[in-house]
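Note sheet for the following structure.
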Amino acid sequence: MNPPESDVVNVELHPISEEDDVGYIACLTIDRPDKLNALNADVMASLKAVCAWMEEEENVRVLVVTGAPPNAPPEGKRAKPYAFVAGADITEFVGAGRETIRERFTDNAVEALWDLSKPTIAMVDGFALGGGCEVACSCDIRVASDRSTFGTPEINLGLIPGYGATQRLERLVGYGKAHEMVMTGDMVPAEEAHRIGLVNHVVAPEELKSTVMNMARRIGSKSSHALRVGKRAVRAALDEGLTDGVAYEAEIFAEMFDSEDQKIGVHAFVNREKAVWKHR
Ligand code: COA
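Structure follows, in structure tokens:
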């Protein structure tokens, strides 16, 4: 049950319900606030290890991903800004060549996050730039504080996004806006990110955690089986054409009638009872 230990990625477990034993929400914090939680090799390895653990851990039903808030500054110094993640750690690009980068960026932790079969929510407070925007785009749902900023500034380094933004960002905001973000590297404030479909909700910073945890609790109390199948079906919309996608949905919808949770859910509704899921 214990999550993998790491100096740069912390995982806290929160019960989904105070009354019922229905499992946990894992809250993963990328913890390098002095470097705006930039994704170095240690963070990526730890993130991948948490995803592997999460997949195996039946009782952990929802993953929330966030970044650590800034530390108090030393006397007389300016505080560092709030960040979800300010991108890949640029210092690790110095002197790196094609083979090193190919190895580091193929099958990386952002893909592991994307591939998780369980629901994932990005809780964004501050900069979500480059790899940070991509970590957020790899989650199923994004909720941001109103002081957050999104962007793909890799163009300013003579680069393009490398953790999937050219694909996943495009699916969220559309072809024109994705081009604009990738080509200009401009920052997109939270309200605009909301308007263009990049984030689901924008709230005041002091409401962020409760908004996300309430959503995670609501999601976590549903049937894990139905959540897993629903996630697979929505994801199919990204890879399949409409006709094949609808056929796929019909097939897995029918399959669900062999599941225990379907019988429990329907029985509970018609008998005015509360569903107690098997979560298988
Ligand atoms: N990689 C490595 N270190 C990073 C980083 C990154 N992506 N983003 C920020 N940092 C570090 C800074 O070097 C600085 O470290 P230091 O205090 O030890 O010198 C610290 O985080 C704070 O950042 P700083 O730039 O001083 O904060 P700021 O408020 O002046 O600016 C940003 C904030 C986000 C605008 C700026 O840090 C930035 O542009 N970061 C890079 C964003 C980026 O290009 N991401 C894509 C990478 S592929």
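The numbering of the sequence shown is this note's numbering, which starts it at 1106 and goes up by one. All C-beta atoms in this analysis are idealised placements derived from N, C-alpha and C, irrespective of residue type, glycine included.
Neighbour-count burial assignment, Ser-1222, 16 or more Cβ in a 10 Å radius: exposed
Inter-residue CB distance, Val-1240 and Val-1339 (contact presumed, cutoff 8 Å): Val-1240 to Val-1339, Cβ: 19 Å. No contact.
Counterpart residues of Tyr-1129 in DSSP-defined beta bridges: Pro-1120, Val-1165
Three-state secondary structure assigned by DSSP to Thr-1348: helix
Cβ neighbour criterion (16 or more within 10 Å) applied to Ala-1321: buried
Cβ-based neighbour list, Arg-1276, same chain, cut-off 7 Å, excluding 5 preceding and 5 following: Leu-1343
Selected residue, minimal CA-CA separation from Ser-1250, among Lys-1368, Gln-1272, Glu-1160, Lys-1314: Lys-1314
Between the CA atoms of Ala-1214 and Val-1113 - distance to the nearest angstrom: 14 Å
Closer than 7 Å: Leu-1303 CB and nearest the ligand COA heavy atom: no
Nearest-angstrom beta carbon gap, Leu-1234 and Leu-1152 [assumed within contact, 8 Å]: Actually they are not in contact, since the Cβ atoms of Leu-1152 and Leu-1234 sit about 17 Å apart, beyond 8 Å.
Proximal residues to Phe-1189 (C-beta, below 6 Å), its chain only, five neighbours per side dropped: Gly-1172, Val-1229, Gly-1231, Ala-1233, Gly-1237
Cβ pair count under 8 Å reaching 3, the stretch 1121-1138 against the stretch 1323-1336: yes
Distance, Leu-1141 Cα to Ala-1352 Cα: 44 Å
Span separating the alpha-carbon of Phe-1374 from that of Pro-1258: 50 Å
Closest residue to Met-1286 among Glu-1296, Thr-1271, Arg-1300, His-1299 (Cα-Cα distance): Thr-1271
CA nearest to the CA of Ala-1341, picked from Glu-1354, Val-1278, Met-1149, Leu-1332: Glu-1354
Rounded C-alpha distance that separates Asp-1291 from Val-1248: 20 Å
Inside the stretch 1207-1234 only - beta strand (DSSP E) runs reaching at least 3 residues: 1225-1229, 1232-1234
Cutoff 8 Å: Ala-1177 Cβ touching any chain C Cβ: Included in the structure is just one protein chain, with no chain C present.
Cβ-heavy atom distance, Phe-1210 to the ligand COA, below 7 Å: no
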